[in-house]
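Remarks on the structure that follows.
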Amino acid sequence: MRICFLFACLLLLSLPKSSFANAPTEQEISSIRGQLVAINIQLARLDERLKQQQIQGRDVKALQATQQALSSQLAGLTEKLNLQTHGDDIKALQATEKSLNTQLTKLNTQLVGKEINHDIRINGVEKRMSDLIGTTDLWLTILSIVITVITVVAALGGYLIYRQSKDEATRIAYEQMKKFLDENKDELLENVRKELDQKLTEAHSSVEELKKYIKEARVLNKKHREMCVEVENIHKSMKEQTEKGSELSKASEQTELSVDDQQNSIQGIFNKAYTYYKGEKYLKALELYEQVIQMTEKQGKQDDAIYARFLFHKALTLDKLDRTEEEVSTYESLIANFEHDSNDNLQEWVASAMLNMGITIGNDGQPEREISTYEKLIARYQDTDNEDIKVQVAKAYVYKALTLRQLNQFEDAINTYDEMISCFIDSDNENVKEQVAIAMRNKGVAQGSSQEAINTYGNLIERFKLSESEEVQIQVAKAMLNKGVAEGVLENLLNEITNYDDLIERFSDTKNEQIQELVANAMLYKGITQQMLDETEGLYSTYNKLLNRFKASDNDTIQVYVARAWRNIGVAQGKEGQSAKAISTYNLLIEHFKETENEGVNTEIAKAMLNKGVEQGELGEPQDEIESYDDLIKRFNHSNDNDIQEQVAKSMFYKAITLRDLGETKQAIKVYDELIEHFEHSDSSAIQGIVKRARVDKNKLLD
């Protein structure tokens, strides 16, 4: 607005002088214009200050009013200037202008004063604000501290209230629960009893099933272990068989002269050495063998076959003395002397030496070298026509496969058996046939309890069932037993029993002691399998047939089977709740073998005595029970057999339990102490388990 007003004033002043009548002089007009410009400048300054002062205090309105008054006066002056026609009025205008300038000066002075006052006020306000800010910060800090303290106090109070509330709630809950239990205890106990009875029934059923499974597993494992032990026994007896065979094959070379008539001859010295050997006087035999060898060497080895024979027997004697290195060296000397000789008789000695050397090396813990020795023998004599050497080759195959099996190289072992069977299956040599039968049976063992093994045993039985050779028939009987065991492991229990029946019937009249052992074993296994099938009457019949047939046998192995069958009858009777009959059966077993020194039989007796005590406890005869345990402890306390020692430990444990139940706590603790002291260093894990349980029970009694 001010700009428009100024523009109008300038426009009026710029009009030509001829426009006005009696216009003032040029000098006067210029003076007025200067004044107007000065007023406008002052107005502009005043306007600017006004803008600055609009927010600065209560005097703004007064200044604005003054400004408006000045503007009005200026407008009037301008108007008068524009309308001035006579020079006399200029003085009045000048006077008015002077008055206005005076007022403007005062106004400027007031404005300056106001600005100063305003600045002072502003500074005061700023100082006051600064003081207020500082005070506010102080109070805020104090307030924060107070709030923090209040928070901590509140939290602590809350925690204390929580604890108090929790304790109170626990107390109330306990009182309510106690009240509830008091009011409903009969019902709750009845429900718990029912639930517990159900769980106990289920647990008892599960335990019975587990016990049955464990028993079956143990039986099958025992059968399999016995079968494997029997195979291992073959390896142990290989050298004795070879030695026996060599002697038989060379029997014709022995002279019929008495030792006394040949004291000064080489043959006489050899015969005397052989007599010492048979009498187990191996050092004297060795001295004489070395003497005849030296005599033969001095005579230029006139008879190579005799010299080879002397070396072979020296090696056999060194084997009996466990002088392995010298034995192997003697065999190597024999082989080196005659391996290239074309004489069949000498080659028989070489083949026998290679076979025995392999066995000796194997027994010395060098299976790879043992296998290599057998392979050299097989490669050297694979195509021989000599029947005696063929027997050595066949044995080398079997022994190689056995060693591979001991190294857990079952596939290689089976392949070796297959190669041997393929080479000799059609041989008419009875000794070779025996080795083929052994190979077929051992192949089945290597195949494990599988259908393939069952098939292998079946092939052996079918091929050799009509053989008249007792050695071959032994393999047939073993195959029939093993086949039954394999069927049992595969859970074909009826087939298992059928195989045992076939074996029992086939060899019912045999006089061969080895086959009789297998028949007795088959009868025992049949009874065990019938027990698994819960065929109680059948198992009694089977076991009684075994007792009737073999009870009087002097064979140690058969006697173990008899004792085990007897004990199994007692176990079956006890399982049926016939404790009195079981006790009677155990007494018969104990009485029958009371003088035996057979460890296997004694193990069965110890188990029978323990079972007898348990059955007496079932009948409520604790004193008789304790007496049975004492008899067992007294009889077998010093036995070194782990199985028997386990029965002793069990009897002591059961005795302590019985004493505890009778209220004889001190006596029970004493028995526990004796048990712990006697067996705490035992290597048997089963016995250590009993010792651990004894410690636990003892501590409970002491508490």
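Residue numbers for the sequence shown, in mature numbering (1 follows the signal peptide of the UniProt record, and there is no 0): -23 to -1, 1 to 680.
Cβ coordinates follow ideal geometry from the N, Cα and C atoms, glycine included.
The model shown is predicted, which means the values in this text are computed figures rather than measured ones.
Taking a contact to require three or more Cβ pairs closer than 8 Å, the region 600 to 607 and the region 565 to 583 do not qualify as touching. The beta carbon of Tyr259 lies closer than 7 Å to those of Thr294, Lys297 and Leu298 in the same chain, with the five residues before and after it left out.
Boundaries of the alpha helix (DSSP H) harbouring Lys261: Tyr259 to Lys275, taken from the DSSP string. For the 9 Å CB-CB criterion, Ala330 and Val375 do not form a contact. Counting along the chain, the unbroken alpha helix (DSSP H) around His569 starts and ends at Ser556 to His569. The region 297 to 335 contains, as complete alpha helix (DSSP H) runs of 4+ residues, the segments 301 to 315 (chain order). Taking C-beta atoms as the reference points, Glu473 and Tyr502 count as a pair closer than 9 Å. For the 9 Å CB-CB criterion, Gln424 and Ala454 do not form a contact. When the beta-carbon positions are compared, Val305 and Ile338 come within less than 9 Å of each other. Going by beta carbons, Asn575 and Tyr538 fall outside the 9 Å limit.
In the three-state reduction of the DSSP assignment, Ser530 falls in the coil class. Here Gln450 is buried, its C-beta having at least 16 other C-beta atoms within 10 Å. With contact defined as three or more Cβ pairs closer than 8 Å, the region 552 to 563 and the region 518 to 530 are not in contact. In this structure, DSSP gives Phe247 a helical state, which the three-state scheme calls helix. Of the candidates Ser444, Leu443, Glu445 and Gly461, the residue whose Cα lies closest to the Cα of Gly421 is Gly461.
Non-local C-beta neighbours of Asp650 in its own chain, meaning closer than 8 Å and more than five positions away in sequence, comprise Lys675, ordered along the chain. DSSP places Gln665 within a helical segment (H, G or I) once states are collapsed to three. The beta carbon of Glu396 sits closer than 8 Å to the beta carbons of Tyr374 from its chain, once the five residues preceding and following it are set aside; these are given in chain order.
For Ala328 against Ile366, the beta-carbon gap comes to about 5 Å, under 8 Å, which counts as contact. Runs of the alpha helix (DSSP H) lying entirely within the region 421 to 482 and spanning at least 4 residues, in chain order: 428 to 441 and 447 to 466.
In the three-state scheme derived from DSSP, where H, G and I count as helix and E and B as strand, Gln508 is classed as helix. For Ser628, the uninterrupted alpha helix (DSSP H) run begins and ends at Asn619 to Asp638, by DSSP. Only residues of its own chain outside the window of five on either side were considered, and among them Trp543, Ile546, Gly547 and Gln550 have a CB closer than 7 Å to the CB of Thr562, listed in chain order. If you draw a straight line from the Cα of Asp318 to the Cα of Thr273, it comes to about 18 Å.
A distance below 7 Å between beta-carbons, with the five flanking residues on each side excluded, links Glu657 to the following residues of its chain, in chain order: Val668. Under the three-state reduction of DSSP, Thr573 is assigned to coil, being neither helix nor strand. DSSP places Ile402 outside both helix and strand once states are collapsed to three, so it counts as coil. For Glu553, the three-state secondary structure derived from DSSP is coil. The DSSP-derived three-state label of Gln593 is helix.
A direct Cα-to-Cα measurement between Tyr266 and Ile246 gives close to 8 Å. Within the same chain, Cβ atoms closer than 8 Å to the Cβ of Gln624 are found at Thr580, Ala583, Lys584, Met586, Leu587, Leu609 and Phe613, the five residues on either side in sequence being excluded.
In the structure shown, Lys488 falls within a coil segment according to DSSP collapsed to helix, strand and coil.
Taking a cut-off of 8 Å for Cβ pairs, the region 399 to 417 and the region 439 to 448 touch, as three or more such pairs fall below it. Around the beta carbon of Ile270, a 10 Å sphere encloses 16 or more other beta carbons of the protein chains shown; the residue is thus reported as buried. In chain order, Thr506, Met509 and Leu510 place their CB closer than 7 Å to the CB of Leu470, counting only its own chain and leaving out the 5 sequence neighbours on each side.
In chain order, Val413, Ala416, Met417 and Lys420 place their CB closer than 8 Å to the CB of Ile398, counting only its own chain and leaving out the 5 sequence neighbours on each side.
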